[in-house]
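Heads up: the sequence shown runs through residues 101 to 421, numbered per my numbering. Below: one structure, written as structure tokens.
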Amino acid sequence: MKVTEHLSKAKDPLISFEIIPPKRGGDVKGLLSVIEDISKYKPPFIDITSHAAEVYYDETATGIQKIIKRKRPGTLGICALIQNKYNIDAVPHILCKGFTREETEDFLIELSYLEIENVLAVRGDDNGYNKPVPAGRSANVYAGDLVQQISSMNEGKYLEENLLDAKPSNFCVGIGGYPEKHFESPNPETDIMHAKKKVEAGADYIVTQMFYDNKSYYNYVEKCRQAGINVPIIPGLKILAVKSHLTTLPRDFYINIPLELSNEVQEAKPDHVLDIGVDWAVKQVADLLDNGVPAIHFYIMQNSRPVNKLMDKLKLHKKIF
Ligand code: FAD
101 MKVTEHLSKA KDPLISFEII PPKRGGDVKG LLSVIEDISK YKPPFIDITS
151 HAAEVYYDET ATGIQKIIKR KRPGTLGICA LIQNKYNIDA VPHILCKGFT
201 REETEDFLIE LSYLEIENVL AVRGDDNGYN KPVPAGRSAN VYAGDLVQQI
251 SSMNEGKYLE ENLLDAKPSN FCVGIGGYPE KHFESPNPET DIMHAKKKVE
301 AGADYIVTQM FYDNKSYYNY VEKCRQAGIN VPIIPGLKIL AVKSHLTTLP
351 RDFYINIPLE LSNEVQEAKP DHVLDIGVDW AVKQVADLLD NGVPAIHFYI
401 MQNSRPVNKL MDKLKLHKKI F
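Spelled out as structure tokens, the structure:
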């Protein structure tokens, strides 16, 4: 079922998760046990991130060697498992970066054969590698271009014109949103203007980047509504779990951690940090639920322990999903 149908049919707010494929050569068993574990919360859908090739440098006897490697393949296989083994709708992330439009079309065809009806279209992280586009091929630059490609396929328009019996695809399309503004955008208004264009191109809902101050989410939703964006905006949360998150999360995701939280974590013993992060998330979730959010999306990567602790505490607070 489509994410938008899940949202419109739900009587209570939904809980969804985002997981990341194992590193190349890794075992999928660990991830499967995470999926099994979180399935007890009956998530209507689970997102699986996608990762383009990255550049690495290796020092060899003959000099520095440039290596281009896709560190985390496997999105498609994990989606198939989630959908068919666990009966949970899978939401693969689709990227501009690292893929030609032709490769994207092939990927979308694979997904529709697997009866996967949802995708989240994002540009992709900048990992230092710009894949050359071979002659005769084309590439999506911004996520809006990707949304347009998927919308065209939904209308039966494939890249190759005049395909005989071209069947329209039927994808529900999510996009990313940034309560604290995308780091490249000159101001929040421009960022929201681009989000609006993505919605006009066919995006059906928005999932936000993580945030630790709910005010930034409420402010973002208000500005989106004022700009005429009327699709659901699902808040994304990540439970702060280790001290190093104080620096890695702002560095990797361009987000702020409120002073009160960072002070508490700085002063805590390492084995107490997860409890602090969970307590902070409990307050965020309770407030979001009181403010009528349609769903809450948790970035859990490959670790369900923080969210299990959170759910136990939410039960105590009678704030359950
Ligand atoms: P875009 O919408 O293309 O925007 C990028 C920047 O360009 C913004 O500043 C925007 O304001 C601006 N812009 C947009 N359109 C235009 C235009 N037409 N002209 C000029 N400027 C424009 N990364 C991964 O690699 N894999 C993932 O699986 C993944 N999943 C994600 C899931 C979520 C929910 C979110 C929020 C992010 C995810 N990311 C992922 C990270 C994302 O790829 C990066 O944040 C990326 O830098 C921007 O992606 P976007 O889709 O917002 O890009």
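For glycine and all other residues, C-beta sits at the position ideal for the given N, C-alpha and C.
Beta-carbon to beta-carbon, Val307 and Gly274 are separated by about 6 Å, close enough to satisfy the 8 Å threshold. For Tyr242, DSSP assigns no beta-bridge partner whatsoever. If you look at Phe353, you'll find it isn't in any beta strand (DSSP E); it sits in the alpha helix (DSSP H) that goes 345-353. DSSP places Gly177 in the uninterrupted alpha helix (DSSP H) bounded by 175-185. Comparing alpha carbon positions, the residue from Asn363, Glu159, Ile329, Asn330 closest to His345 is Asn363. Residue pairing by DSSP puts Val155 in a beta bridge opposite Ile168. Burial state of Ile292 is buried, judged by a 10 Å Cβ sphere holding 16 or more other Cβ atoms.
Rounded to the nearest whole angstrom, the CA to CA distance from Leu388 to Phe207 is 35 Å. DSSP places Ile292 in the uninterrupted alpha helix (DSSP H) bounded by 288-300. The DSSP-derived three-state label of Glu118 is strand. Excluding five sequence positions before and after Pro173, the CB atoms of its chain that fall closer than 8 Å to its own CB belong to Pro121, Arg124, His151, given in chain order.
Distance from the CA atom of Val233 to the CA atom of Ala239, rounded to whole angstroms, is 7 Å. The beta-carbon distance between Met310 and Lys267, rounded to whole angstroms, is 37 Å. This is too long to meet the 8 Å contact definition.
The count of Cβ pairs closer than 8 Å, one atom from the stretch 268-287 and one from the stretch 210-218, reaches three, so the stretches are in contact. Judged by DSSP secondary structure, Cys272 falls within the beta strand (DSSP E) whose first and last residues are 272-277.
Pairwise C-beta distances place the stretch 250-259 out of contact with the stretch 276-283, as fewer than three of them are shorter than 8 Å. Under the criterion of beta carbons closer than 8 Å, Gly302 and Ser269 do not qualify as touching, at roughly 11 Å. A Cβ-Cβ distance of about 26 Å is found for the pair Gly228 and Val342, leaving them out of contact under the 8 Å criterion. Straight across, the Cα-Cα distance linking Ile188 with Glu136 is about 11 Å. Note that the C-beta distance between Tyr318 and Pro358 is not below 8 Å. Judged by beta-carbon spacing, Ile194 lies beyond the 8 Å limit of Leu131, meaning their Cβ atoms are not closer than that value.
The criterion of a C-beta distance shorter than 8 Å is not satisfied by Cys196 and Gly163. In the three-state DSSP reduction, Met310 falls in the strand class (E or B).
In this structure, Gln309 has its beta carbon less than 7 Å from a heavy atom of the ligand FAD. If one requires a minimum length of 3 residues, the beta strand (DSSP E) runs lying completely within the stretch 200-260 are 218-222, in chain order.
In this structure, the ligand FAD has no non-hydrogen atom nearer than 7 Å to the beta-carbon of Thr204. Classified as exposed, Met101 has fewer than 16 neighbouring CB atoms from the shown chains inside 10 Å of its CB. Inclusion of Thr290 in the 7 Å shell around the ligand FAD follows from its C-beta lying nearer than that to a non-hydrogen atom of the ligand. Cα atoms of Pro370 and Leu361: separation of roughly 14 Å, rounded to the nearest angstrom. The alpha-carbon of Pro335 is positioned some 29 Å away from that of Ile209. Between Ser116 and Asp147 the beta-carbon gap is near 7 Å, inside 8 Å, which marks them as a contact.
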